[in-house]
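The next block holds one structure in the form of structure tokens; read it before the comments.
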Amino acid sequence: MIRGVLRWVLAAFYAAAGYLHLVRPEPFLSIMPSWVPAPEAVVLWTGVAELLGAAALVQWATPRLRRAGAIGLAAYAVCVFPANIHHFALDMARGDGGLGLGYHVPRMFAQPLLVWLALWAGGTTDWPLRRR
159 MIRGVLRWVL
169 AAFYAAAGYL
179 HLVRPEPFLS
189 IMPSWVPAPE
199 AVVLWTGVAE
209 LLGAAALVQW
219 ATPRLRRAGA
229 IGLAAYAVCV
239 FPANIHHFAL
249 DMARGDGGLG
259 LGYHVPRMFA
269 QPLLVWLALW
279 AGGTTDWPLR
289 RR
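Going by the working numbering, the letters in the sequence shown line up with residues 159 to 290, in that order.
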């Protein structure tokens, strides 16, 4: 039951983030590392990826599609980690400290948790909560 609830919570989180990527891309563009080519397209397609991953997580037709969505969202969380690090560095370089350590440090620790949560909630892994 908890897996199902967390799957819906995670899907809602990614659906909201995906929607924001599409309708309000400016905040995401502002933290994009300069080495990323075609940043507008990257933000657009990351939003689409989040929406598709969220939909795959909560669909009931096939566990295989749910697992594929979970793997996709986990891979997405790994791929956007450089943008999170870049945002951290940008904020810490600001005179006012930007959002500060109270925002960025938990966010850095949350990223691996999001990878695991996507895989666990999507039924790809049972680690460390093995079914009995």
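All C-beta atoms in this analysis are idealised placements derived from N, C-alpha and C, irrespective of residue type, glycine included.
Q) Between which two residues does the alpha helix (DSSP H) harbouring L248 extend? A) F239 to A251
Self-check item: Per-residue DSSP class, three states only, for A196
Solution: coil
(Q) According to DSSP, is T204 part of a helix, a strand, or is it coil? (A) helix
query: Whose CA, out of P185, A214 and T282, lies closest to the CA of N242?
result: P185
Query raised in the report: Any idea what DSSP makes of M190, helix, strand or coil?
Result: coil
Exercise. What's the gap between the Cα of R165 and the Cα of L272?
Worked result: 11 Å
Tell me whether the stretch 259–268 and the stretch 213–230 touch, counting them as touching only if at least three CB pairs, one residue from each stretch, are closer than 8 Å.
no
Notebook entry, point to check: For the alpha helix (DSSP H) that G260 lies in, which residues bound it at each end?
Noted result: L259 to A279
Roughly how many angstroms separate the alpha carbons of G253 and L287, rounded to a whole number? 44 Å
Top-ranked residue by Cα proximity to L330, from M190, E198 and Q269 = Residue coverage of the chain in this structure runs from 159 to 290, which leaves residue 330 outside it and unanswerable.
Report task. Drop a sphere of 10 angstroms on the beta-carbon of A228, count the other beta-carbons inside from all chains shown, and report buried for 16 or more, exposed for fewer. Result -> buried
TODO: Can you say whether F246 is buried or exposed, counting buried as having 16 or more other CB atoms within 10 angstroms of its CB?
DONE: buried
- Task: Pull up the CB-CB distance for V236 and T204, whole angstroms please, since I reckon it's below 8 Å.
- Result: 13 Å between Cβ atoms; not a contact.
Inset, instruction - Measure the C-alpha to C-alpha separation of G230 and H244 and round it to an integer number of angstroms. - result: 22 Å
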